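Here is the structure we will look at.
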């Protein structure tokens, strides 16, 4: 195996070499200036302590490498009129990204106060990592960035996400050798098995080996050359090496390497676009090995600094106490010869300014990096066409996500031509019962496909890989460049991307205050195969806590929906697909379940987000004895079954049933825009009646959302509590006390006037639970009366007041007959 | 590059071949039986519907491969007397793990009801994925397992964690090709750069390519042979290929491959142990390519099943409606010839039983897989020796984690010989200021080391890699095999391992009910570089939500500590290092901060976990006007500064200061063993006075923990709310309203009797905040009065009641003088 060899070793003539080097120097100068200077930006006066920031923040080490690459990418963009964006994996090199977008003019266009003159340069320096200024990392504030410099690991998946369905785009993606150690990055290299050169653009990964992290050597920098090469050949790339530190040699080598790499890309694309996709091609990648803190001070106070971890952040400080450091900074900055780079007024010399691409070809101004500019609405079929017929509540069964699959199929179909919608899943699309989507497209793969494979094709639009990180990262990249998507995942394992969600939500939060960032499509999660139905898998697959993580983020950017059945799921999903700039979390089961609302009712219910289910309640025209609230499909089922049980056995009890589909309605409206006013909340939940709340997730989330409400002290929540180890659906809720019997028991406990009658019913409940346990340990499935339970009251006549003494009595030693109650029920089972 | 070639192609003679095949058949038979059968375990009667479980659950596809490997590993353990454990990455192959530990006798020893006869076999079948039975995945209940089959991706890091410091141990680790797509697994291969054959055992990774996940082909199975080989050579291994489906050929190939691989390992170890470590060796790994659902039905209802994704779970069901399926199951199970494997009574034939290793050599009985058996207490120095001298509260400054580093250094030192303590960090050990540890050991690396590297050595015990996944996974593997560890991490990025924490916590939760599992050392996190002090990094590095994830798990296994200073941090850490079977989360900043408690007071405070700080309070002998509570170092500082401000300006106000170091004390004692009784809680927080609570994390966590407390409606919590974007420490708290001025303002708002005097102080507060903003945007650092603030009251005389009218007045238009208040303060600044 040999190293890929660049085409021409000396592509730059002397003048080109001089200029590209000067451009790099200018970017380096501006980067150092941002980290260090408050004033005297052009060093036209001798550098003094008062020109230097009192607190020195930011990261230098990675920056010169980022600047080197930016300059060379500019060159090839200009020479070949390329459409390219730049992703800085080492986003802590923020000063470099800012410096380059300033040099090319984008920065001043977006931030007019930061002019291209000495005053503007001073402002550029001042604002960096300064109160009221800009972050030290690449961030939403940074022109041309779709990638936050924060948690490392996602540059390459973002790059691929951006490249999908963008055939003209080349995404240059710098991957730090620290970042390369992360798990998500290590698997991201395999994204090349999902990229189709006919329809997709290209990613040019540039692994930047600068040898050190914060304090340690990096793993990849210490691999022998042949192992490193073997690794990337194994990942399916054609690796080019650019190694060294002598600027002249490195400029020539990088220029020739980029010429070759871009030629490789173009050749692969030409071939595929003329002859169609045949087999996965070996795309180029570049391994740049250059010193950390390149061009910075070689030593500080006698200690190795360049090409060492000491360059990672601010290479030296203690300016007030050490005048030598002030001198050293001056020498360092002067070494870039600012007087040759900028004119007296601080404007970049015209011959250098010419090196930057023009207009939208500038990487800071490329509209793909501000995806909202390119975003087009999805064409959406009318979701009402997919409605499950629900003649009466609970009369039908359906698998909610399977129904949703039909809607998503047609969403996919209607947007096939625009190529701006993809569905992601970690090998769970069919397990999550979204199979219908595969009627109109396939799963994506540009790897080997066997004739026996099931709906796998190089131009498939369902992206399945067993990595939640890749699904999430691809989708983020895809959305940030102005497209739409949908991510279905097992609920428990979405925690794998907690921190990626956090970063994306923070991105959206920051964008609220950045007027030039246009709104992008929301990130839509469907969490299914959820905690309550892990029949095949059990305890290890049970964790409903993702919404706890989600609700920590700003109300402005997050939405959580718990549709109780298929029609509400359709309505909610339609809403989410139309929305912008949110993270939408939808939680819905895939198993066959009773259906409650017809489409009209579903739309109404989803529009308000929370409501009294009159058809299930019997408190009409009066205050209820108890409110039974539920959020989530299984909790809704169990609540209705409890209501059924109670209405059979205690027909006089006035029960109000409340269902919550939009979880954010529970919060005060001062906390979340969807929140109910206290008045509305009180009118639904009462101000003093017991509320038994059956919740899909960990119970305390409901307390956290409602603790300021009037009636909070009467709220009793049942949810998941890490007690699930069993394998039948009903037993799962019994073990967590969220089942119909425990809920009914809660009601009896809290409605004090039930007396002995209540005690009698509680005995029935205990017997039921014993019977249940015996049955399942014998047969391994739920009792038929549980499995086949249906809602009885949908068409029952209003219950007449009879035997009210039965409820109010508090001393009878024998329990009254239940005949009356049974008699009013019209059973369908 | 050529494939590693096994030593001898036909190592098994005819009899050995027949027996090892039969042993494999027995394991397969028992695996199928677990998935399908309720009765008739030996198929001594014709198979009928009623012998089959009504609900069919579990996973077949990966199981025959796991069984094949188990049989062959047994062979080499026996032939070479190896000390080996088995990690099943595809842990959904639970039936295989159970079957093998049953065959070798371990299962019946640990679960005496599951005897090695027909009755026991029936019980073995019945219990599988059955209510009241065992999980379908490998789990804590599974003998010999240290690895939960749930979320995929961690088998290889667990394996390496187990191998570190276990020189005689070989960890056979099966990695599924689905699992191999995950990020954590993709980077785990690089663990070989951290394993030292002198002191560590070996990992034998076996990549099992069975081609399909739930519904998709796998990425690695579709790589061309030479790419796959190149990839693993690039990762630094010597790959052996075992490919095929013909059992006879495969048995010979696997046997000869294992002979070679073990010989390679032994040769590397011998060389290193005789001559010392010189350079990283190329350890063997095996790529087993075998059909998914191997030996299962080739087709079901005319559809391809063996060697296809349809084998993934239960390959066919619908038994009641399809009698052909019953017949198919019978044919399939009979194909293993149970009558030749088990005697009439259901006992494994003696000639097969002999194939299993004996005693603790059995992989199900190896004590390394029940690490508590091997666990020895750490030798701990007296943490009080590292105390910061605190003559008076707030008189000293210290970097808490730097102090802790000295303690950890000596913990490391005292346990160097026992080699049972490691420290993990994602390249942050020194950034987190635990530098002192490197005085007695180095960072681990068996990759190339340069002379300029700083404390990097092949036998270092500080494990740094830029992957939180690897740190966490290594540590889990290390703890589960009976050792101790400590993991320091930036607070925001610990979310990367949320889901790994969840899995480990569930493991511990499950162990509570498994008497034969011995308690292991707790998993100890130090979260530092925390949300409030991200000066270099800003918003992207701010997320204090890990504790929200942690507190979702069972109270029995989780502990959260927020020590406010160095001495409390020492006390808490000592406690955590002694504890067992918990996850301990300690949150403490690394920046220089004022120190509050001397060591005696710190120990007392940490022992109770929560307490009134009398020295900061002025409510002695009476009810306070307000309780100012705080949890976390920065909130404590701001609270005390607010108290200082209020006592200066409103000396008559009676303030009680409460500090919480053990967060779990806030929960009711019915919810958490550390929880305060309501009585104690009320006596500290009062039943009716306003409580201003300054909290390190998201504020609602405090509400969630306290919503049942008497005085909850008067609790006002300030914490982090996704508003932090700035770069000076004090501004960070101001932006989040957690600063001294907002806290003081809250008090004034809630103590109603302050009247105009309060209004006047509020005006001072507004001025201070304006002044602050102007100062930082000019100078980029906090105002001197903020930077240099110190606690004034530690030795102040008790404040005399004077001018109480000043507070009680409600109508004065001019504010009274502050001289009196200022006069009582003895300023140290």
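Residue numbers (the working numbering), protein chains in the order written: chain P, 25 to 853; chain Y, 25 to 853.
No residue lacks a Cβ here, since even glycine has one placed at the ideal position from N, Cα and C.
If you're wondering where the values come from, they're calculated on a predicted model, not measured in any experiment.
Query	Result
Mind listing the chain P neighbours of residue 332 of chain Y? Cutoff is C-beta to C-beta under 8 angstroms, in chain order.	476
Helix, strand or coil, according to DSSP, for residue 175 of chain P in the structure here?	coil
Can the beta-carbon of residue 423 of chain Y be found closer than 9 angstroms to that of residue 514 of chain Y?	no
Residue 525 of chain Y lies in the alpha helix (DSSP H); which residues open and close that run?	522–535
Judging by CA-CA distance, which residue of P:564, P:574, P:565 is the nearest neighbour of residue 568 of chain Y?	P:574
Would you kindly work out how many angstroms separate the C-alpha atoms of residue 823 of chain P and residue 651 of chain P, rounded to a whole number?	Bear in mind that the predicted position of residue 823 of chain P carries a pLDDT of just 44, short of 50, making it too unreliable to give a figure here.
Pull up the DSSP beta-bridge partners for residue 655 of chain Y, would you.	Y:719
Return the first residue and the last residue of the alpha helix (DSSP H) that residue 740 of chain Y is part of.	Premise fails: residue 740 of chain Y lies in the beta strand (DSSP E), 739–742, not in any alpha helix (DSSP H).
Quick one: what does DSSP say residue 168 of chain Y is sitting in, helix, strand or coil?	coil
So that I know if they touch, is there some Cβ in chain Y lying closer than 9 angstroms to that of residue 301 of chain P?	no
Mind listing which residues of the region 769–803 of chain Y have their C-beta closer than 7 angstroms to chain P's C-betas, in chain order?	800, 801, 803
So which of Y:683, Y:122, Y:325 has the shortest CA-CA distance to residue 54 of chain Y?	Y:122
Is it the case that the Cβ atoms of residue 205 of chain P and residue 464 of chain Y are separated by a distance below 9 angstroms?	no
What number of angstroms, rounded off, separates the C-alpha of residue 334 of chain P from the C-alpha of residue 340 of chain P?	9 angstroms
Ignore the nearest five residues each way along the sequence and tell me which others in residue 496 of chain P's own chain have a CB closer than 6 angstroms to its CB.	521, 524
Quick one: which chain Y residues come within Cβ less than 9 angstroms of residue 259 of chain P?	251, 254, 255, 258
Suppose the cutoff is 7 angstroms on Cβ atoms and the five residues either side in sequence are ignored; what does the same chain contact list for residue 600 of chain P look like?	546, 548, 608, 610
Taking the alpha-carbon of residue 319 of chain P as reference, which of P:238, P:511, P:50 has the nearest alpha-carbon?	P:50
How many Å lie between residue 255 of chain P and residue 261 of chain P at the Cα?	9 angstroms
Need the endpoints of the beta strand (DSSP E) that residue 619 of chain Y sits in, please.	616–619
Under a CB-based cut-off of 9 angstroms, is residue 752 of chain P close to chain Y?	yes
Is residue 71 of chain P near residue 350 of chain P, with beta carbons less than 9 angstroms apart?	yes
Indicate whether residue 101 of chain Y and residue 381 of chain Y have their beta-carbon atoms separated by less than 9 angstroms.	yes
Here's the rule: buried if 16 or more other CB atoms are within 10 angstroms of the residue's CB, otherwise exposed. What is residue 421 of chain P?	exposed
For residue 41 of chain Y, decide whether its Cβ has a neighbour in chain P, counting only Cβ atoms nearer than 9 angstroms.	no
At a Cβ threshold of 9 angstroms, is residue 620 of chain P touching chain Y?	no
DSSP puts residue 107 of chain P in a beta bridge; with which residues?	P:193
Would you kindly work out how many angstroms separate the C-alpha atoms of residue 243 of chain Y and residue 214 of chain P, rounded to a whole number?	8 angstroms
Within a Cβ cutoff of 6 angstroms, which residues of the same chain sit near residue 144 of chain Y, ignoring the five residues on either side of it in sequence?	138
Hey, is residue 136 of chain P's beta-carbon within less than 9 angstroms of any beta-carbon in chain Y?	no
For the 8 angstroms Cβ check, are there 3 or more pairs between the region 375–389 of chain P and the region 94–112 of chain P?	yes
Give me, in chain order, the residues of the same chain whose beta-carbon lies closer than 7 angstroms to that of residue 279 of chain Y; leave out the 5 immediate sequence neighbours on both sides.	35, 36, 96, 99
Just the C-alpha distance for residue 150 of chain P and residue 56 of chain P, rounded to the nearest angstrom, thanks.	12 angstroms
Just to make sure I have the definition right: I need the residues of chain Y whose C-beta is within less than 9 angstroms of the C-beta of residue 125 of chain P. Which are they?	Within chain Y, no residue comes near residue 125 of chain P; the closest Cβ sits about 19 angstroms away, beyond 9 angstroms.
For residue 517 of chain P, return the contacting residues in chain Y, with the cut-off set at a CB-CB distance below 7 angstroms.	175, 523
Are any of the Cβ atoms in chain Y nearer than 9 angstroms to that of residue 74 of chain P?	no
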